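K.L.:
First, the structure itself, so that you have it in front of you.
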Amino acid sequence: MPAIDPNTHKGKTPSNGVLFTNLALFDGRDLTLQRHVNVLVLGDQIAAVDKGSPTPPDGVEILDCKGFTLMPGLIDAHWHTMFAAMPKQALQMADTGDIHLAAAHQAERTLMRGFTTVRDMGGPCFALKRAIDSGMVKGPRIFPSGAMLSQTAGHGDYRFAWELTDQPTRLSRSETLGASIIADGRADVLRAARQQLLQGASQIKVLASGGVASAYDPIDVLQFLPEELEAAVSVAADWGTYVAAHAYTSDAVRRCLKAGVRSIEHGQLADEETARMMADQGAFWSLQPFLPELSSLGPDKIPADSKMPEIWAGTNRAYELASTLDVSTGWGSDILFSAKAAERQGAYLVALKRWFTPAKALRQATSQNAALLGLSGKRSAYGHALGVIEENAFADLLLVAGDPTENLDLLADPDQSLALIMKGGRVVKNTLDLHKPMRVEGKRVERMATSANVGVLGE
4 MPAIDPNTHK GKTPSNGVLF TNLALFDGRD LTLQRHVNVL VLGDQIAAVD KGSPTPPDGV
64 EILDCKGFTL MPGLIDAHWH TMFAAMPKQA LQMADTGDIH LAAAHQAERT LMRGFTTVRD
124 MGGPCFALKR AIDSGMVKGP RIFPSGAMLS QTAGHGDYRF AWELTDQPTR LSRSETLGAS
184 IIADGRADVL RAARQQLLQG ASQIKVLASG GVASAYDPID VLQFLPEELE AAVSVAADWG
244 TYVAAHAYTS DAVRRCLKAG VRSIEHGQLA DEETARMMAD QGAFWSLQPF LPELSSLGPD
304 KIPADSKMPE IWAGTNRAYE LASTLDVSTG WGSDILFSAK AAERQGAYLV ALKRWFTPAK
364 ALRQATSQNA ALLGLSGKRS AYGHALGVIE ENAFADLLLV AGDPTENLDL LADPDQSLAL
424 IMKGGRVVKN TLDLHKPMRV EGKRVERMAT SANVGVLGE
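Letter 177 of the sequence shown, counting from 1, is numbered 180 in the numbering used here, and no numbers are missing.
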């Protein structure tokens, strides 16, 4: 049977499918690797996961994985597709077209880091999502929130003081872009939430406490009245989906949970009682490893008036509570305004080894994040399972040169460690040379293949 040619399948779906053999399997759920397993991909789905030596259908190409680890594509559950890599000042001044073009470029880079799916937690990514889904642009699957719902003087109110006006119909730059939408009162919240769903939002994002990147609201400020939060939850429920809430403090988190919010974003300052409330209600705690060493500025360059040190201080306690109390925990990076930080997206996942084994961290970024995304129900544009390697799931696959369940650091260097990336059955990167295999030496991978044997997306 023919072997898969890395030059033939750059960004293409092999016409008759692929059988992955000679691999170690991390299926997204089981914390231990499975061996002596073969994975068959037909079309955009996984057709079979079998032990032994099955006879593949006629014409299926065989890929010898050289003993590398096959795992599901990574999921970032708190990503900002439009704003991850462009500086904040540029976003305030740039032409809208420039922003969308930069985001499309970054979407391709995101996919090439091994992230085949993201949950976008605020921004005008609807057009980019459609372009990716149609094959026009390369990038991950996107679960969009659309514009973040913010109250006046809330985390999403980025107006300058001179922009304040008695003309309520005048939109700010942030609203014009579709980054956030200011809604005060139940009627405004209903309208704003419905507008995002009209455009294709898979979930609604509300801003329920003070934030770090915003100018007017201290961290402890409560945002949106209970009845306003309940209005957003009611709209989402009518559409069969859910509300995710930016909330740092215990008071903000508890208000959100009482209103029916299903996903708490951040929550670094939540106390044990509040964490227990999340666990009891089955809400997801969408946490991010906010740490000084991951700051795009560096811990020594943080302004004296920054709100970030308070969040850094709460991160360790939040993860400990989530683990001890068995709260359903999602992982996200929440990278903003820095192309340098965006390229280190995998390092934000590697940071989880402070609190979890590498295998548990991988499970968060695959099947657990997929369960969080699954709260959107029929508002998801994707009809098959994500974050797992099992029959009928999407064939979103990574082949890692090494064992990430033991050495999570491999994912911080995707250019070196990811031998193959497949999204929906399409090979978008393949550095395997069947005659000159890659060789793993410690934490790095030595490429034995020449550039002529490297199939990379976009070539």
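Every residue, glycine too, gets a C-beta built ideally from N, C-alpha and C.
Just so you know, these numbers come straight off a predicted model, no measurement behind them.
Rounded to whole angstroms, how far is the Cβ of Gly469 from the Cβ of Pro127, which I believe are closer than 8 Å?
P.N.:
In the structure as shown, the chain starts at 4 and stops at 462, and residue 469 therefore has no counterpart that could be examined.
K.L.:
Measuring alpha carbon to alpha carbon, tell me which residue in Ser370, Leu402 and Trp315 is nearest His387.
P.N.:
Counting from one through the sequence shown, the residue named residue 387 turns up at place 384. Comparing Cα positions, the closest option is Ser370.
K.L.:
Find the nearest neighbour of His103 within the set Ala216, Arg116 and Ala134, judged by alpha-carbon distance.
P.N.:
Within the sequence shown, numbered from 1, the residue matching residue 103 stands at position 100. Considering only alpha carbons, the answer is Ala134.
K.L.:
Using the DSSP secondary-structure output, state which residues sit across from Glu268 in a beta bridge.
P.N.:
The residue labelled residue 268 in the question sits at position 265 within the sequence shown. His249 and Ser289, per the DSSP bridge assignment.
K.L.:
Going by beta-carbon coordinates alone, are Ala273 and Cys259 separated by less than 8 Å?
P.N.:
As a position in the sequence shown, residue 273 is number 270, starting the count at 1. As a position in the sequence shown, residue 259 is number 256, starting the count at 1. No, Cβ-Cβ distance for Ala273 and Cys259 is not below 8 Å.
K.L.:
If we cut at 8 Å on Cβ distances, does Ser309 have a partner in chain C?
P.N.:
The chain inventory of the structure shown lacks chain C, comprising one protein chain alone.
K.L.:
So what does Thr58 bridge to, in DSSP terms?
P.N.:
Within the sequence shown, the letter at position 55 stands for residue 58. DSSP lists no partner for Thr58.
K.L.:
Would you please state the rounded distance, in angstroms, between the beta carbons of Gln37 and Leu28? I believe it to be under 8 Å.
P.N.:
On the sequence shown, residue 37 is found 34 positions in, with the first residue counted as 1. On the sequence shown, residue 28 is found 25 positions in, with the first residue counted as 1. Yes, Gln37 and Leu28 are in contact; Cβ-Cβ is about 4 Å, under 8 Å.
K.L.:
Suppose the cutoff is 7 Å on Cβ atoms and the five residues either side in sequence are ignored; what does the same chain contact list for Val236 look like?
P.N.:
Along the sequence shown, read from residue 1 onward, the residue named residue 236 stands at position 233. Excluding positions up to five away in sequence, the list reads Val246, Ala262, Gly263 and Val264.
K.L.:
Starting from the N-terminal side, write out each stretch of the beta strand (DSSP E) that is 3 residues or longer and does not extend beyond the segment 358 to 421.
P.N.:
List check, beta strand (DSSP E) in window: 400 to 403.
K.L.:
Measure the Cβ-Cβ separation of Val52 and Val40 and say whether it is below 8 Å.
P.N.:
Mapped onto the sequence shown, residue 52 falls at position 49. Mapped onto the sequence shown, residue 40 falls at position 37. Taking 8 Å as the Cβ cut-off, Val52 and Val40 qualify as a contacting pair.
K.L.:
Could you check what DSSP says for Phe23 in three-state terms: helix, strand or coil?
P.N.:
Numbered from its first residue, the sequence shown carries residue 23 at position 20. Reduced to three states, the DSSP call for Phe23 is strand.
K.L.:
Give the straight-line distance between the Cα atoms of Thr120 and Ser175, rounded to the nearest whole angstrom.
P.N.:
Counting from 1 along the sequence shown, the entry for residue 120 is found at position 117. Counting from 1 along the sequence shown, the entry for residue 175 is found at position 172. Near 30 Å, if we compare the C-alpha coordinates of Ser175 and Thr120.
K.L.:
Among all the DSSP beta bridges, which residues are the ones paired with Phe118?
P.N.:
Looking up residue 118 in the sequence shown gives position 115. Its beta-bridge partners are Leu77.
K.L.:
Relative to the C-alpha of Ala278, which candidate in Met311, Lys310, Ser298 and Glu323 has its C-alpha closest?
P.N.:
The residue labelled residue 278 in the question sits at position 275 within the sequence shown. Selected option, being the one with the closest Cα: Glu323.
K.L.:
Taking just the CA atoms, how far does Asp187 sit from Asp254?
P.N.:
For the purposes of this step, residue 254 is identified with residue 251 of the sequence shown, where counting begins at 1. For the purposes of this step, residue 187 is identified with residue 184 of the sequence shown, where counting begins at 1. Cα-Cα distance, rounded: 20 Å.
K.L.:
Closest to Ala286 by CA distance: which of Glu313, Glu296 and His269 is it?
P.N.:
Locating residue 286 in the sequence shown gives position 283, where the first residue counts as 1. Comparing Cα-Cα distances from Ala286 to each of Glu313, Glu296 and His269, the minimum goes to His269.
K.L.:
On the three-state DSSP scale, how would you describe His438?
P.N.:
Along the sequence shown, one-based indexing puts residue 438 at 435. Low local confidence applies: a pLDDT of 33 at His438 is under 50, so the model's placement there is unreliable, with the coordinate-based value given in what follows. Three-state result, His438: coil.
K.L.:
Do you know how far the Cα of Asp61 is from the Cα of Tyr351?
P.N.:
Stepping through the sequence shown from its first residue, residue 351 is reached at position 348. Stepping through the sequence shown from its first residue, residue 61 is reached at position 58. Distance between the alpha carbons of Tyr351 and Asp61 is about 42 Å.
K.L.:
Please state if the CB of Leu375 and the CB of Ser266 are separated by a distance shorter than 8 Å.
P.N.:
The residue labelled residue 266 in the question sits at position 263 within the sequence shown. The residue labelled residue 375 in the question sits at position 372 within the sequence shown. Contact flag set, yes.
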